[in-house]
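Single-structure report; data block below.
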Amino acid sequence: MSDDVDASAHGARSFGLSCWQGATAAMTVAHRHDDLELNLSPGSLDYLVDGRAVHIPPRTLALFWAARPHQLLTDASRGLVSWLTVPLGTALGWRLPGGMVPRLLAGGFALVPAGPGLDLEGRVGVWAAELAAGGEARRAASAEIEGFVRRAALAASEPGAGESAVSAGGGLRPDAAAMAAWISEHADEEVRVDDVARQVHLAPQHAMTVFRRALGITIGEYLAQCRVARAQHLLLTTDLAVPDVGHAAGFRSQSQFYARFRERCGEAPAAYRRRLRP
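Last residue of the sequence shown: 278 (UniProt numbering), numbering continuous.
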């Protein structure tokens with residue numbers, strides 16, 4: 001597939017240091033934003049992240065890098081889910097313990113029981129009000145959030161903590177999930193609609209329809225999201241020259257690499273690397 005896909009970013013570049021709590025329906029669109037995301041639900045949640053089905057048990061704190069295309073499959077409209085987002089640049093500055101950030105940048109999805117000190121739902125309301133108030137209240141909330149995320153990183157590095165990947169439930173067609181997973185795995189290659197459709201034994205036109213209805217975006221848009229996320233990872237974890245990063249991420253045109261990256265990250269690749277790397 002050529003890189004000249006729809007330019008829609010499908011999601012904020014970053015939600016900033018933010019937290020909220022509320023009921024939520026299943027997401028109709030796979031999206032991405034450059035934050036560490038933490039969430040906690042009284043009931044179980046199922047996500048599709050990079051085409052992988054990830055199951056979060058009830059009362060389990062989940063941490064992941066939300067720049068990777070993800071979609072909540074569970075209808076949680078009858079419960080209160082608690083959310084916390086931390087901009088990646090902020091998280092990098094905290095130098096979290098346990099190798100947490102490199103693990104998340106590589107696609108890890110950390111799950112830890114919401115034990116003492118990790119009860120996100122009990123803090124969200126206070127933090128949200130203090131963050132909105134600004135000044136000393138915001139600084140106090142920011143310090144507490146850093147401590148909370150540090151405790152979560154420590155808990156995630158302990159034996160027994162880890163990831164849980166299962167088959168997606170009724171929230172997504174299996175063939176759509178399989179196509180998303182194949183696209184993510186092969187994003188650095190020359191990917192065509194025919195190649196994607198062949199993996200699930202569908203006609204190309206039908207495959208495009210199935211994919212868009214399931215994930216809310218086109219195959220081309222999803223491919224671009226995967227390639228940009230891969231480029232972000234390479235910029236932060238390797239010393240590859242910027243043009244080589246674009247090629248390694250799957251972009252066959254440097255102009256398309258720069259255009260897609262700026263659309264989704266708000267700055268050029270070199271500026272992104274300078275801002276976030278020590």
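All C-beta atoms in this analysis are idealised placements derived from N, C-alpha and C, irrespective of residue type, glycine included.
Which residues in the same chain as residue i place their Cβ atom closer than 7 Å to its Cβ, once the five residues preceding and following it in sequence are excluded?
i	result
residue 338	The structure shown does not extend to residue 338, since the chain is modelled only from 1 through 278, so no value can be given for it.
M27	Q71 and L72
A248	D188, L234 and L240
R277	L236
V245	A231, L234, L235 and P269
S8	Residue placement at S8 is poorly supported in this model, since its pLDDT is 39, which falls under 50; the coordinates still yield a value, given next. E221, listed in sequence order.
Helix, strand or coil for residue i? Go by DSSP, reduced to three states.
i	result
F148	helix
S157	coil
R52	strand
A23	strand
A168	Bear in mind that a pLDDT of 47 at A168, under 50, signals an unreliable position, so the number given afterwards is only what the model happens to contain. A168: coil per DSSP, three-state reduction.
S142	helix
D175	helix
A9	For A9, the predicted model reports a pLDDT of 40, less than 50, meaning its position is unreliable; a value from the coordinates is still stated below. Reduced to three states, the DSSP call for A9 is coil.
Any heavy atom of the ligand ZN within a distance shorter than 7 Å of the CB on residue i?
i	result
D195	In the structure on display, the ligand ZN does not appear, and there are no ligands present to speak of.
Measure the alpha-carbon distance for residue i versus residue j and round it to whole angstroms.
i	j	result
S142	A91	11 Å
A178	L154	33 Å
E121	A229	29 Å
P243	R273	13 Å
S255	A129	43 Å
A203	V191	16 Å
L36	R95	13 Å
V29	G216	4 Å
R13	A66	10 Å
A168	A271	Residue placement at A168 is poorly supported in this model, since its pLDDT is 47, which falls under 50; the coordinates still yield a value, given next. Approximately 37 Å between the Cα atoms of the pair.
V210	V193	12 Å
R264	G51	19 Å
F15	V86	8 Å
S253	A53	31 Å
G93	A137	21 Å
A133	E146	18 Å
P89	P102	According to the sequence displayed, residue 89 carries Gly and not Pro. Near 13 Å, if we compare the C-alpha coordinates of P102 and G89.
A259	G266	10 Å
G135	W127	13 Å
Going by C-alpha distance, which of the options is nearest residue i?
i	options	result
P174	D239, R32, R138 and A214	A214
L105	V29, T238 and F15	T238
L61	P69, V81, V126 and Q232	V81
E144	A271, V196, S18 and L276	S18
Q199	Q205, Y222, A76 and W182	W182
A114	Q232, F261, V149 and R260	V149
residue 291	V193, H186 and H33	Since the first residue shown for the chain is 1 and the last is 278, residue 291 is missing from the structure and cannot be characterised.
Y47	D75, H33 and D34	D75
H33	M208, R52, P69 and V49	P69
E221	H201, Y258 and A180	A180
V49	L88, A259 and S184	S184
G107	R139, C226 and A140	C226
Ignore the nearest five residues each way along the sequence and tell me which others in residue i's own chain have a CB closer than 8 Å to its CB.
i	result
P58	S41, P42, G43 and S44
G79	A23, S41, P42 and G43
D124	Per the sequence presented here, residue 124 reads as Val, with Asp not at that position. Result list for V124: C19, W20, Q21, S82, W83 and L84, in chain order.
N39	L45, I56, L61, A62, V81, S82, W83, L84 and L120
R262	A268
Apart from the five residues on each side of it in sequence, which residues of its chain come closer than 6 Å, Cβ to Cβ, to residue i?
i	result
G117	R151
R212	T218
A197	P204 and A207
(request) Jot down the residue ranges of each uninterrupted beta strand (DSSP E) in the stretch 59 to 130, minimum 3 residues, whole runs only, in chain order. (result) 60 to 65, 70 to 72, 76 to 87 and 109 to 113
(request) Just list the alpha helix (DSSP H) runs in the UniProt domain "HTH araC/xylS-type" (177 to 275), keeping only unbroken ones of 4 residues or longer that don't cross its boundaries, in chain order. (result) 193 to 199, 204 to 215, 219 to 237, 242 to 249 and 254 to 265
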